[in-house]
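S.K.: Protein sequence lines correspond, in order, to chains C and F.
This note's numbering puts the first sequence at residues 204 to 501.
This note's numbering puts the second sequence at residues 204 to 501.
Just so it is clear, CB atoms sit at the ideal spot from N, CA and C, and this is done for glycine as well.
I'd like to ask you about the structure that follows.
2 protein chains.
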Amino acid sequence: MGTTEEKIRWGVEQRLEYIEFRLFWDGELKRGDITSRFGVSTPQASGDLATYRDRAPGNIDYDGSRKRFVATPRFKPRFIKPNADRYLAQLEAIADRVIGVDETWIGAAPAAEAMPIPRRKVDPAILKGLLAAIRAHRSIEVEHRSMNPQREETMWRRITPHAFGHDGLRWHVRAFCHIDKIFKDFVLSRCLAVGELHEPGAEPAQDDLWFSFLDVVLEPNPALNERDRRTIAHEYGMPDGRVTVPVRRALLYYFNKRLRLEAAKTIDDPTLAPLAVVNQDEFLSAIPATKSHRDLLM
Amino acid sequence: MGTTEEKIRWGVEQRLEYIEFRLFWDGELKRGDITSRFGVSTPQASGDLATYRDRAPGNIDYDGSRKRFVATPRFKPRFIKPNADRYLAQLEAIADRVIGVDETWIGAAPAAEAMPIPRRKVDPAILKGLLAAIRAHRSIEVEHRSMNPQREETMWRRITPHAFGHDGLRWHVRAFCHIDKIFKDFVLSRCLAVGELHEPGAEPAQDDLWFSFLDVVLEPNPALNERDRRTIAHEYGMPDGRVTVPVRRALLYYFNKRLRLEAAKTIDDPTLAPLAVVNQDEFLSAIPATKSHRDLLM
DNA sequence: TTGACAGGTTAAGTTACTTGATCCATAAGG
DNA sequence: CCTTATGGATCAAGTAACTTAACCTGTCAA
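Structure follows, in structure tokens:
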């Protein structure tokens, strides 16, 4: 009883979820957290807390001496399903200064530090232009710094983009290059400006390397001892000692570099490459196809 | 005139920001986008669009033939400041399946793919326990898979955590280990369970490696040709050909590995390591201090 | 013991909503 | 050509969800 379940407005639901999020991760919150984050009055925040108590009975208590609302020991989430990876993704964004703590629901962010890589910011206008070209299935002119020594240092080229790819360190746009007549990756932070939209140069479907996948079978590096292999198998979720990862062929090069797979079995210190590829012949022979365009590499 | 600027409720402001976000990035939206995302009625969504038109005159138009609201050519954001890195961070979270498209404001997400690394999910209960210990300045028992061959394969150890660190591939918790009496990193996905809180074993301030920084001076790899060096300098924001990055000594080991700095100048193919360290003596001699605990490496 | 802080409550009034109806414009299909 | 589907605008009546203003309670620290 008490749990009257009428329809509930979006704003109220957000605040109930916020209350529960804070109770789960921080274990506590105060009324002022609600009033300041959502700009509501104190009676409203009190009302929300009462509503929460009503709908999730036994989850919340008021600790008079600490002057905080606290989660009870038998707290059981009812409005959100807690997700550690989501929490950590937010923490990373905060550490990278991509968002502010006050834009998340994290109340007291723990001290956290991510790799401080001093990458140039991407110009919103450029990203916006590429998005527009992708949506409209058209080509766009891009001023791009090329690593190809045959080319001008920076040049305008027309490309027909269709997707974005992230190699773990930076974003590329996958596009048909009207000069070279092939599909390539263009690093976003090397795009200096964008121009007009025009007729497309190719259909996205023609980008075979993008649309075909290789099933990479990974195992703990056999150069490791039995025990370390078990640890790696556990960490990467390999119940039977292996895991199959479908990887776009266009991304195989980065996948290889990122996990140091190529040299895994020959490297002197196997702890540098915890994973190795089972279907290595297939894997290695699939890589060069993406490696032929020097622009991709660096 | 027209722009009456009374106080505005949180829910309304969210919708106005949503409208502008969509206009900027997607260039268009329809009334139904608002009703479905925020659960409001059609008259309300119409009202919001009218309010937006009122407050940001000249930004929005209705294209009757496409049956969409579209951004005008002279669109100028008034409620949000567009941030490409933030957009891309969301895109990455979507590609990694950490959040759903419907949880972001991105209307039509472009095709995007991030590195598919099959990492085990972190148990929310474990992260929550560590957060609680950090907040309370107490120690916590953790069942952890050790890579140290002297130790049991999995063992309970008491640690006093104080921060989180991300090496680009995974999260660690930085903590004082009550067994080894030193501060170490513990990979989150190797923590299997957490236990009770107790007295702390050390003050966070005693973690010298965490709280002291080394100024790493980076330059484009000198093994590259002049022109490629210029490109790298541009991409990493080095107006005078160098950039100084303060890095926590506790993270130097990962920083080195991630950017392949150690071997940068000697590696056969310099395109694999676009960056090199200027103050290399200082840098290399600072690394081993963090490298002494094998647990960190793999 | 006083004040500052955190929270709760009640009453009266306002704003932001909903439902349900009716109407308009455009595009696509027969 | 007419029909239907889609997407939008608007009005009227009613209702949640708010606000402001005032006043009350418990706990802690000076």
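Pick out whichever of F:Ser249, F:Lys331, F:Asp229 and F:Phe458 has its Cα sitting closest to the Cα of F:Thr238.
M.R.: Residue mapping note: residue 238 of chain F aligns to position 35 of the second sequence, counting from 1. Among F:Ser249, F:Lys331, F:Asp229 and F:Phe458, the Cα nearest to that of F:Thr238 belongs to F:Ser249.
S.K.: With a threshold of 8 Å between beta-carbons, can F:Glu220 be considered close to chain C, or not?
M.R.: In the second sequence, counting from the first residue as 1, residue 220 of chain F sits at position 17. Not an interface residue.
S.K.: At the level of alpha carbons, what is the spacing between F:Ala426 and C:Pro352?
M.R.: Mapped onto the second sequence, residue 426 of chain F falls at position 223. Mapped onto the first sequence, residue 352 of chain C falls at position 149. Between F:Ala426 and C:Pro352, the alpha-carbon positions lie close to 15 Å from each other.
S.K.: Can you have a look at F:Gln293 and say buried or exposed, based on whether 16 or more other CB atoms are within 10 angstroms of its CB?
M.R.: Translated into positions along the second sequence, residue 293 of chain F becomes position 90. By the neighbour-count rule (16 or more Cβ atoms within 10 Å), F:Gln293 is buried.
S.K.: In the DSSP assignment, find the unbroken beta strand (DSSP E) run with C:Tyr265 in it and report its ends.
M.R.: In the first sequence, counting from the first residue as 1, residue 265 of chain C sits at position 62. Looking at the DSSP string, the run of the beta strand (DSSP E) that includes C:Tyr265 is Ile263 to Asp266.
S.K.: Whose Cβ in chain C lies nearer than 7 Å to the Cβ of F:Pro442?
M.R.: Reading the second sequence from its first residue, position 239 is the one you call residue 442 of chain F. Those do not exist, as F:Pro442 stays about 11 Å from chain C at its closest Cβ, beyond 7 Å.
S.K.: Would you list, in chain order, the members of the stretch 381-414 of chain F that have their beta-carbon closer than 9 Å to a beta-carbon of chain C?
M.R.: Val390, Leu391, Ser392, Arg393, Leu395, Pro407 and Trp413
S.K.: Quick check on C:Met358: buried or exposed, where buried means 16 or more other Cβ atoms within 10 Å of its Cβ?
M.R.: The sequence position of residue 358 of chain C within the first sequence is 155, counting from 1. Classification of C:Met358: exposed, given that the 10 Å Cβ count is below 16.
S.K.: By a C-beta neighbour count over all protein chains shown, 10 Å radius and 16 as the cutoff for buried, is C:Ser495 buried or exposed?
M.R.: As a working note, residue 495 of chain C is residue 292 in the first sequence. Only weak support exists for where C:Ser495 lies, its pLDDT of 45 falling under 50; the value from the coordinates is given anyway. With fewer than 16 Cβ atoms within 10 Å of its Cβ, C:Ser495 is classed as exposed.
S.K.: Step through the CB atoms of chain F and report whether any lies within less than 8 Å of the CB of C:Trp228.
M.R.: By 1-based counting over the first sequence, the position of residue 228 of chain C is 25. So, interface residue.
S.K.: Output yes if chain C places a C-beta closer than 8 Å to the C-beta of F:Phe379; else output no.
M.R.: By one-based count along the second sequence, residue 379 of chain F stands at place 176. Judged by the 8 Å Cβ criterion, F:Phe379 is not in contact with chain C.
S.K.: What number of angstroms, rounded off, separates the C-alpha of C:Glu485 from the C-alpha of C:Asp443?
M.R.: In the first sequence, the residue the question calls residue 485 of chain C occupies position 282. In the first sequence, the residue the question calls residue 443 of chain C occupies position 240. Whole-angstrom Cα-Cα distance: 21 Å.
S.K.: If you reduce the DSSP assignment to three classes, tell me which class C:Pro449 lands in.
M.R.: Residue numbering aside, residue 449 of chain C sits at position 246 when the first sequence is read from its first letter. In the structure shown, C:Pro449 sits in a strand (DSSP, three-state: E or B).
S.K.: Which stretch, first to last residue, makes up the beta strand (DSSP E) that contains C:Leu502?
M.R.: Given a span of 204 to 501 for chain C in the structure shown, any question on residue 502 of chain C remains unanswerable.
S.K.: Have a look at the DSSP bridge pairing and note the partners of C:Arg360.
M.R.: Numbered from its first residue, the first sequence carries residue 360 of chain C at position 157. Partner(s): C:Val345.
S.K.: Could you work out which residue in F:Gly235, F:Arg452, F:Val480 and F:Asp388 is closest to F:His347 when comparing CA atoms only?
M.R.: Numbered from 1 along the second sequence, position 144 holds the residue referred to as residue 347 of chain F. Among F:Gly235, F:Arg452, F:Val480 and F:Asp388, the Cα nearest to that of F:His347 is on F:Asp388.
S.K.: Note down, one range per segment and in chain order, each beta strand (DSSP E) of at least 3 residues found wholly within the stretch 403-472 of chain F.
M.R.: 416-423 and 446-451
S.K.: Would you list the residues sitting across from C:Arg570 in a DSSP beta bridge?
M.R.: This structure does not reach residue 570 of chain C, given that chain C is present from 204 up to 501, and the question cannot be answered.
S.K.: Determine the burial state of F:Gln502: buried for a count of at least 16 other Cβ atoms within 10 Å of its Cβ, exposed for fewer.
M.R.: Outside the displayed range of chain F (204 to 501) lies residue 502 of chain F, so it cannot be described from this structure.
S.K.: Just curious, the beta strand (DSSP E) that F:Leu400 is in, first and last residue?
M.R.: For the purposes of this step, residue 400 of chain F is identified with residue 197 of the second sequence, where counting begins at 1. Start and end: Cys394 to His401.
S.K.: Counting contacts by CB-CB distance shorter than 8 Å, is C:Leu291 in contact with chain F?
M.R.: The count along the first sequence starts at 1 and reaches residue 291 of chain C at position 88. By this cut-off, C:Leu291 is an interface position.
S.K.: CB-CB under 6 Å to F:Ala396, same chain, minus the five flanking residues each way: which ones, in chain order?
M.R.: Here the question's residue 396 of chain F lines up with position 193 in the second sequence. Cβ neighbours of F:Ala396 beyond the five flanking positions: Glu346.
S.K.: Measure the C-alpha to C-alpha separation of C:Asp431 and F:Ala335 and round it to an integer number of angstroms.
M.R.: Locating residue 431 of chain C in the first sequence gives position 228, counting from the first residue. Locating residue 335 of chain F in the second sequence gives position 132, counting from the first residue. Distance between the alpha carbons of C:Asp431 and F:Ala335 is about 30 Å.
S.K.: Tell me whether F:Val480 sits in a helix, a strand or coil according to DSSP, three-state version.
M.R.: Counting from 1 along the second sequence, the entry for residue 480 of chain F is found at position 277. Residue state, collapsed to three classes: strand.
S.K.: Applying the criterion that 16 or more other CB atoms from any shown protein chain within 10 Å of the CB defines a buried residue, is F:Tyr265 buried or exposed?
M.R.: Residue mapping note: residue 265 of chain F aligns to position 62 of the second sequence, counting from 1. Classification of F:Tyr265: exposed, given that the 10 Å Cβ count is below 16.
S.K.: Let me check one thing: in DSSP terms, what residues is C:Ile385 bridge-paired to?
M.R.: Mapped onto the first sequence, residue 385 of chain C falls at position 182. In the DSSP secondary-structure assignment, C:Ile385 is bridged to C:Cys380.
S.K.: Who does C:Ala274 pair with in a DSSP beta bridge?
M.R.: For the purposes of this step, residue 274 of chain C is identified with residue 71 of the first sequence, where counting begins at 1. When beta bridges are read from the DSSP output, C:Ala274 appears opposite C:Ile263.
S.K.: Run through chain F and tell me which residues come within less than 8 Å of C:Thr254, C-beta to C-beta.
M.R.: The residue you call residue 254 of chain C lines up with position 51 of the first sequence. Within chain F, no residue comes near C:Thr254; the closest Cβ sits about 16 Å away, beyond 8 Å.
S.K.: At the level of alpha carbons, what is the spacing between C:Thr254 and C:Leu226?
M.R.: Working through the first sequence from its first residue, we reach residue 254 of chain C at position 51. Working through the first sequence from its first residue, we reach residue 226 of chain C at position 23. Computed Cα separation, rounded: 15 Å.
S.K.: Taking 8 Å as the cut-off, does the stretch 398-414 of chain C touch the stretch 441-459 of chain C (at least 3 CB pairs, one atom from each stretch)?
M.R.: yes
S.K.: Chain F partners of C:Glu429, CB-CB under 7 Å?
M.R.: Taking the first sequence and counting its residues from 1, one reaches residue 429 of chain C at position 226. Those within 7 Å of C:Glu429 in chain F number zero; the least Cβ separation is about 10 Å.
S.K.: If you draw a straight line from the alpha carbon of C:Arg341 to that of C:Glu429, how long is it in whole angstroms?
M.R.: For the purposes of this step, residue 341 of chain C is identified with residue 138 of the first sequence, where counting begins at 1. For the purposes of this step, residue 429 of chain C is identified with residue 226 of the first sequence, where counting begins at 1. So the two alpha carbons sit approximately 53 Å from each other.
S.K.: Check the Cβ of C:Gly368 against every Cβ in chain F and list those closer than 8 Å, keeping chain order.
M.R.: Start at 1 with the first residue of the first sequence, and residue 368 of chain C comes out as number 165. Going along chain F in sequence order, the residues near C:Gly368 (Cβ under 8 Å) are Ala315, Glu316 and Ala317.
S.K.: Between F:Ile337 and chain C, is any beta-carbon pair separated by less than 8 Å?
M.R.: Within the second sequence, numbered from 1, the residue matching residue 337 of chain F stands at position 134. Yes, F:Ile337 counts as interfacial toward chain C.
S.K.: Verify the CB distance criterion: does F:Leu294 have a CB-CB separation below 8 Å to chain C?
M.R.: Taking the first residue of the second sequence as position 1, residue 294 of chain F is located at position 91. Interface residue, yes.
S.K.: Cβ atoms of C:Ala366 and F:Ala489: under 8 Å apart, would you say?
M.R.: Along the second sequence, read from residue 1 onward, the residue named residue 489 of chain F stands at position 286. Along the first sequence, read from residue 1 onward, the residue named residue 366 of chain C stands at position 163. Not closer than 8 Å, so no.
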